[in-house]
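If you read the protein sequences in the order shown, they are chains A and B.
For the first sequence, position 57 (counting from the first letter as 1) is numbered 56 according to numbering that gives the first Met the number 0, and the numbering increases by one without interruption.
For the second sequence, position 40 (counting from the first letter as 1) is numbered 39 according to numbering that gives the first Met the number 0, and the numbering increases by one without interruption.
What follows is a single structure, written as structure tokens, with notes after it.
Number of protein chains: 2
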Amino acid sequence: MINEFLLKEFGERIKSLRIDLNISQETLSHKTGFHRTYIGMIERGERNISLINIAIFAKVFEMPISELLNLTTVNPNHNFSDYETKSEK
Amino acid sequence: MINEFLLKEFGERIKSLRIDLNISQETLSHKTGFHRTYIGMIERGERNISLINIAIFAKVFEMPISELLNLTTVNPNHNFSDYETKSEK
């Protein structure tokens, strides 16, 4: 899948914010309303999350989606030039 | 659907950037690799776009996903306090 590295980076971002709050996956599950299994899959970069679900995490971490998706926080070399389009594939 | 207003704001963001580039939906379709019908649905806020597909638009508009999702550009009152979680529903 193209751009799959983003799912890994997003998962690291969620895990890192969860650890900053000192809460378990189970607590994050209660706060978001997502199943604990889904939280685990997101943190491992195994799900291509939708915009609506990204906003649910952003609400719990009290930041706009643009800040949640600032992935230079987990990868200082994060750069849009690494994204791929479907037409380049 | 919760957080549906975000799909509308994202659609406006895409349309606004496309107009700034002075390109048609058809040209954006060629650049992204998405079907023109999908571009139309996204611009009208009718699709809950995934992270991987958000990155495809970001690549074409030459900016990180965090910047593409800066929705204060289309709604100055955009605020994360308006996002909802599934547990509040």
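We put the beta carbon where it would ideally sit given N, CA and C, even for glycine.
Residue-chain proximity (residue i, chain A), Cβ-Cβ < 7 Å
| i | result |
| --- | --- |
| Lys14(B) | no |
| Phe4(B) | no |
| Tyr82(B) | yes |
| Ser86(B) | yes |
Within-7 Å CB hit, residue i to chain B
| i | result |
| --- | --- |
| Gly32(A) | yes |
| Met62(A) | yes |
| Ser49(A) | yes |
| Ile22(A) | no |
With 16 other Cβ atoms within 10 Å as the buried cut-off, status of residue i
| i | result |
| --- | --- |
| Glu42(A) | buried |
| Pro63(A) | buried |
| Thr84(A) | buried |
| Leu16(B) | buried |
| His34(B) | exposed |
| Ser65(B) | buried |
| Glu61(B) | exposed |
| Asn78(B) | exposed |
| Glu25(A) | exposed |
| Leu20(A) | exposed |
| Ile18(B) | exposed |
| Glu8(A) | buried |
Neighbour list for residue i in chain B, Cβ cutoff strictly below 8 Å
| i | result |
| --- | --- |
| Met40(A) | Under the 8 Å cutoff, chain B gives no residues; its nearest Cβ is about 13 Å from Met40(A). |
| Ile55(A) | Ile1, Asn2, Tyr82, Glu83, Thr84 and Lys85 |
Closer than 8 Å at the beta carbon, the chain A residues around residue i
| i | result |
| --- | --- |
| Val59(B) | Thr84 |
Cutoff 8 Å; reference residue i; Cβ partners in own chain excluding five residues on either side
| i | result |
| --- | --- |
| Ile22(A) | Lys30 |
| Lys14(A) | Glu42 |
| Val59(B) | Leu27, Lys30 and Thr31 |
| Glu3(A) | Gly44 |
Chain-ordered chain B contacts of residue i [CB-CB under 7 Å]
| i | result |
| --- | --- |
| Leu68(A) | Ile64, Ser65 and Leu68 |
| Ile1(A) | Ile51 |
Residues near residue i by beta carbon distance below 7 Å, same chain, minus five either side
| i | result |
| --- | --- |
| Pro75(B) | none |
| Phe56(B) | Ile13, Thr31 and Leu67 |
| Gly10(A) | Ile41, Glu42, Arg43 and Gly44 |
Own chain residues within Cβ distance below 6 Å of residue i, not counting five before or after
| i | result |
| --- | --- |
| Met40(B) | Arg46 |
Would you say the region 41 to 57 of chain A touches the region 44 to 59 of chain B, given that touching needs at least three Cβ pairs under 8 Å? yes
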